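Peer 1: Going by full-length UniProt numbering, the residue at position 60 of the sequence shown is 60; the numbering climbs one at a time, nothing skipped. C-beta: ideal position from N, C-alpha, C; glycine also. Quantities reported herein were computed from a predicted structural model and do not represent experimental measurements. One structure, pasted below without further comment.
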Amino acid sequence: MPMGTPIDLGPYLPDRPILTSAETAKLMGFSSCRALSRARSSGRLPIEMIQIPGRKGWFAATQAVRRWLEVSLSEALNKTPQEANSSNAS
């Protein structure tokens, strides 16, 4: 994929505005909802999550997860092989 080519995330994201914690954890690469919850609680989650009155649990805006994925994938795809190897070694 050439640099600067937009990434089509449509097939990977649900077509609705809000994601559950389980969906968010899976899309962001967390091993479990509990791992996502720990990251959120400690302030290490790069997106905002919300609680919805009358609903149990935490939720994320699909657009926030989409933006995070676009930035993360773009950065990963634009790394040189040396940068990729050095980040994998740490």
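Using 8 Å for Cβ pairs, my map puts S31 next to G57. What's the rounded Cβ distance?
Peer 2: Rounded, the Cβ-Cβ distance is 18 Å, inconsistent with contact.
Peer 1: Among the residues of its own chain, which have a CB less than 6 Å from the CB of A25, if the five just before and after it don't count?
Peer 2: C33, L36
Peer 1: Determine the extent of the beta strand (DSSP E) in which L45 is found, giving its start and end residues.
Peer 2: First-last for L45: undefined, no H or E at that position.
Peer 1: Compare the Cα-Cα distances from L19 to each of A39, Q51, R44 and report the closest residue.
Peer 2: Q51
Peer 1: Please classify M60 as buried or exposed, where buried requires at least 16 neighbouring CB atoms within 10 angstroms.
Peer 2: Looking at the sequence provided, one finds Ala at residue 60 rather than Met. Label assigned to A60: buried.
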